[in-house]
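Step one of this worksheet: look at the structure below.
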Amino acid sequence: MDDNIKYRELFFEETDEHLESLNDDILRLEKEPDNRTLLDSIFRSAHTLKGMAATMGYETMATLTHKMENLFQQFKDGTLSISSETITLIFDCLDKLAEIVEGLRLKQDISEATIATLVQRLTDFDEATSQTESTVGGNPSQKEGQLSLSFINLSLSDEEIISQGIEQGYWAYGIAIRLEQECALKGPRVFLILDKLESYGEVIHSEPSPEILESGEFSGDFQLLFMSQEEPEKVTELILSNSDIEALVVEKMTNESLQDYKLKTSLESEELLVDQALESKKTMSSKLAQTTKVEANHSNQSIRVELAKLDSFMNLVSELVVYRTRLENLSSRYQTAEIKEPLDHVARITSELQDLVLKIRMQQVGIVMNRFPRVVRDLAKELDKEIELEIEGEDTELDRTVVSELSEPLIHLIRNSADHGIERPERRAELGKPKIGKIRLTASQQGNRVMISVSDDGKGLNPVLIKASAEKKGLEVEGLSEQEIMQLIFHPGFSTATEVTNVSGRGVGMDVVHSKINSLGGSIELTSEVDVGTTFAINLPLTLSIIQSLMVKVGQETFALPLGVIEKVIEIQPSEIVQVHQKEVYFYRGVATPVIRVNESLEIPEQLDNQHPHLIMVLLGKYYYALLVDELIGQQEIVIKKLGQELKTLTKYLGATILGNGDITLILDINTLCYESNGGIYV
0 MDDNIKYREL FFEETDEHLE SLNDDILRLE KEPDNRTLLD SIFRSAHTLK GMAATMGYET
60 MATLTHKMEN LFQQFKDGTL SISSETITLI FDCLDKLAEI VEGLRLKQDI SEATIATLVQ
120 RLTDFDEATS QTESTVGGNP SQKEGQLSLS FINLSLSDEE IISQGIEQGY WAYGIAIRLE
180 QECALKGPRV FLILDKLESY GEVIHSEPSP EILESGEFSG DFQLLFMSQE EPEKVTELIL
240 SNSDIEALVV EKMTNESLQD YKLKTSLESE ELLVDQALES KKTMSSKLAQ TTKVEANHSN
300 QSIRVELAKL DSFMNLVSEL VVYRTRLENL SSRYQTAEIK EPLDHVARIT SELQDLVLKI
360 RMQQVGIVMN RFPRVVRDLA KELDKEIELE IEGEDTELDR TVVSELSEPL IHLIRNSADH
420 GIERPERRAE LGKPKIGKIR LTASQQGNRV MISVSDDGKG LNPVLIKASA EKKGLEVEGL
480 SEQEIMQLIF HPGFSTATEV TNVSGRGVGM DVVHSKINSL GGSIELTSEV DVGTTFAINL
540 PLTLSIIQSL MVKVGQETFA LPLGVIEKVI EIQPSEIVQV HQKEVYFYRG VATPVIRVNE
600 SLEIPEQLDN QHPHLIMVLL GKYYYALLVD ELIGQQEIVI KKLGQELKTL TKYLGATILG
660 NGDITLILDI NTLCYESNGG IYV
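Heads up, the sequence shown is in numbering that gives the first Met the number 0, so the first residue is 0 and it goes up one at a time.
Here it is in structure tokens:
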């Protein structure tokens with residue numbers, strides 16, 4: 000991989016981590032303005048972010064981060080108070096930095112104009128407090144330790160090149176450089192220094208070797224032998240145009256002095272210390288503060304893996320599961336004793352490998368959930384409400400594919416709670432509620448499912464208002480129960496808001512939530528009480544790749560049903576299905592349960608004279624549904640394959656799978672079948 004690409008990827012990974020930690024820490028700082036330890040951590044993180052941007056040559060990003068860093072310095076000095084206004088400004092800066100990083104990922108040109116407004120706002124605070132911009136780290140002249148030149152590993156061929164170069168009119172320079180102790184990216188820093196020097200000459204020799212230098216695995220001191228026709232001042236300027244340099248020695252060399260440097264292990268030289276030179280740089284770069292989250296002795300305990308490689312690994316394991324099933328089918332068919340033992344061994348190893356890859360794919364939901372305190376804070380400001388967010392269970396794990404898709408539905412639910420649920424402080428006081436409204440976001444694992452809930456202690460949903468709004472939109476509401484009426488909020492374009500705001504009221508959002516959860520193989524349940532609050536409970540599978548399924552026959556076709564929402568399978572007589580209000584129902588546990596004839600939903604001819612069909616009892620939220628199928632084949636572990644863009648209109652199917660005999664079988668989407676059978680009311 001090209002070094003520039005490698006360093007870009009490293010930069011983006013580190014930057015994402017720093018921006019995330021800064022968002023979290025700034026939220027804490029607003030609540031704990033006297034927490035000096037927290038403020039120091041924020042300052043170091045911002046300082047590191049600035050240094051990395053300067054290292055990569057992203058001057059616009061470095062400029063904005065530098066200005067923001069000055070604000071933190073004023074907090075530390077006590078010349079500027081931590082207020083809602085300053086915190087909002089910092090969040091605006093972090094949002095802009097995230098936007099810049101995304102642009103850099105796409106290799107877009109980022110101009111200074113994109114940050115002009117924010118820089119002016121930051122400058123206004125500087126001028127208001129009459130503070131000059133702070134330089135970080137202290138005076139380099141106070142740094143301890145003698146910088147020296149000594150070339151121990153210089154080869155005869157290197158000496159010959161230098162000697163010939165001097166005879167041809169080139170200047171030979173012995174260069175000793177000390178990087179700041181807290182430099183976060185030593186390898187990229189050295190790479191940039193060497194790159195600039197080699198634009199004006201040739202680096203003949205380095206100690207340590209170039210490989211060690213660019214890996215970053217050295218103390219911070221390194222030496223170079225450099226041939227160039229440039230003046231010493233130019234060489235010094237080239238090196239000092241980089242940040243993170245604590246001290247520098249540049250010595251013109253002759254053939255005689257080179258021999259002296261070889262013989263000496265230490266040589267005291269005049270050090271060109273970095274002071275005013277660094278302050279005057281337009282990149283506003285300076286020494287970095289190390290904020291590595293993982294201690295050095297643990298650095299070899301984990302590695303970063305590209306998502307594409309992880310997906311390929313998962314696909315290979317999925318294929319292995321398919322062929323394991325085929326081998327098991329063959330073994331059971333031919334009853335070959337010689338095959339059974341090694342096949343059992345292969346099956347066990349495959350299962351262990353499958354469990355391992357599923358664990359590797361797991362990701363904590365906190366990656367998504369921990370973004371929302373900032374969201375709630377901003378919503379509270381915008382809506383002029385007092386709202387507190389409680390998060391619980393953020394260490395619950397889900398397949399990374401599911402986690403990455405959770406952000407959109409959860410943000411809709413939280414915005415809905417903040418806008419429609421939580422009342423203004425004066426109204427809450429009238430109702431005898433605490434003036435601060437509460438939104439709770441929780442996650443927990445239950446077997447092979449994960450439950451996520453978003454609840455609030457706000458005004459709840461009013462079925463009367465929902466019914467009236469539904470009637471205005473021409474929806475059929477006659478005969479619907481109160482719970483069914485509340486489910487109408489998931490209908491596309493439905494809204495009870497009387498005015499459109501920046502937050503909600505446009506009739507989009509809740510149907511998106513249901514559609515997204517449905518596409519993830521999950522379900523969403525709504526409970527609400529007027530003036531008490533509302534809860535949205537989401538039920539999701541742990542993984543979307545390999546699932547347990549129930550294989551059934553409908554007509555002459557075989558289908559797979561996800562086992563997660565199936566409660567029971569009942570063999571019945573056709574006469575047990577009865578008509579109630581012109582709808583077919585089956586009385587399950589004394590409750591009239593809607594019957595869905597799967598063959599009719601899929602437009603498949605039914606089996607003639609089938610006197611022993613089966614009902615698949617499905618629990619979605621609080622409601623049971625009975626799926627009528629012709630035959631029950633049995634339970635089987637299957638690998639889900641997407642249908643692809645060409646078949647995306649087939650909404651009644653989650654995907655397809657390859658059976659042990661090589662046949663391809665479609666996987667039914669139970670949620671969609673129940674939704675369509677229920678007259679378009681979400682369950």
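All residues carry an ideal CB built from backbone N, CA and C; glycine is no exception.
Count the other C-beta atoms from every protein chain shown that fall within 10 angstroms of the C-beta of residue 254, then say buried if there are 16 or more, exposed otherwise. By the Cβ-count criterion, residue 254 is exposed, with fewer than 16 other Cβ atoms from all chains shown falling within 10 Å of its own Cβ.
Helix, strand or coil for residue 636, going by three-state DSSP, please let me know. strand
For the ligand COA, is there a heavy atom less than 8 Å away from the beta-carbon of residue 117? Here there are no bound small molecules, and the ligand COA is not part of this structure.
By Cβ distance, which residues of its chain are closer than 7 Å to residue 402, with the 5 residues on each side in sequence left out? 362, 364, 366, 367
Pairing CB atoms from the segment 209 to 222 with CB atoms from the segment 108 to 116, are three or more of them under 8 Å? no
Going by other Cβ atoms of all chains shown within 10 Å of its Cβ, with 16 needed for buried, is residue 383 buried or exposed? exposed
Would you mind stating whether residue 177 and residue 223 have Cβ atoms separated by less than 9 Å? Not in contact: residue 177 and residue 223 (Cβ atoms no closer than 9 Å).
Compute the Euclidean distance between the alpha carbons of residue 107 and residue 117, then round it to the nearest angstrom. 20 Å
Could you give the residue range of the alpha helix (DSSP H) that holds residue 376? Residue 376 -> alpha helix (DSSP H) spans 371 to 382.
Residue ranges of each beta strand (DSSP E) run of no fewer than 3 residues wholly in the segment 479 to 564, ordered along the chain? 522 to 528, 532 to 540, 545 to 553, 556 to 561
Taking Cβ to Cβ, would you say residue 50 is nearer than 9 Å to residue 182? yes
Which residues bound the beta strand (DSSP E) around residue 189? From DSSP, residue 189 is part of no beta strand (DSSP E) but of the alpha helix (DSSP H) over 185 to 196.
With DSSP collapsed to three states, give me the class of residue 401. helix
First through last residue of the alpha helix (DSSP H) which encompasses residue 42: Run containing residue 42: 35 to 55, per the alpha helix (DSSP H) assignment.
Residues sharing a beta bridge with residue 445, DSSP: Beta bridge pairing from DSSP links residue 445 with 448.
Round the Cβ separation of residue 563 and residue 540 to the nearest angstrom and send it over; I've been treating them as touching at under 8 Å. 6 Å
By DSSP, does residue 659 sit in helix, in strand, or in coil? coil
Residues bridged to residue 591 [DSSP beta-bridge criterion]: 586
With three or more C-beta pairs closer than 8 Å as the rule, is the segment 646 to 654 touching the segment 616 to 625? no
Considering Cα atoms alone, identify which of 80, 352, 6 is closest to residue 190. For residue 190, the nearest C-alpha among the options comes from 6.
Is it a yes or a no for the segment 591 to 609 touching the segment 623 to 642, going by three-plus beta-carbon pairs under 8 Å? yes
Check whether the segment 186 to 201 and the segment 64 to 82 touch, using three or more Cβ-Cβ pairs below 8 Å as the test. no
Rank 234, 476, 352 by C-alpha distance to the C-alpha of residue 462 and give the top, closest one. 476
Going by C-alpha distance, which of 354, 406, 220, 347 is nearest residue 371? 406
Separation of residue 615 from residue 10, as counted between CA atoms: 52 Å
Starting from residue 17, follow its DSSP beta bridges and name the residues at the other end. Looking at the DSSP assignment, residue 17 forms no beta bridge with any residue, so it has no partner.
Of the listed residues 554, 661, 454, nearest to residue 599 (C-alpha basis): 554
In the DSSP assignment, what are the bridge partners of residue 430? Beta-bridge pairing links residue 430 to no other residue.
Distance, Cα to Cα, residue 641 vs residue 544? 10 Å
Scan the segment 82 to 116 and note each continuous alpha helix (DSSP H) run of 4 residues or more that stays entirely inside, going in chain order. Fully enclosed alpha helix (DSSP H) runs of 4 or longer: 83 to 104.
Please check the pair residue 632 and residue 568, which I expect to be a contact at CB under 8 Å, by giving their CB distance rounded to whole angstroms. Separation of the CB atoms of residue 632 and residue 568 is rounded to 11 Å, and the pair is thereby denied contact status at 8 Å.
Use the C-beta contact count for residue 467: other C-beta atoms within 10 angstroms, 16 or more gives buried, fewer gives exposed. exposed
Is residue 170 closer than 9 Å to residue 251 when the C-beta atoms are compared? yes
The beta strand (DSSP E) enclosing residue 218, as first and last residue numbers: Looking at the DSSP string, residue 218 is not in any beta strand (DSSP E), and its letter there is neither H nor E.
Taking only the alpha-carbon atoms, compute the straight-line gap between residue 661 and residue 635 and give it to the nearest angstrom. 14 Å
Is DSSP giving residue 581 helix, strand or coil here? coil
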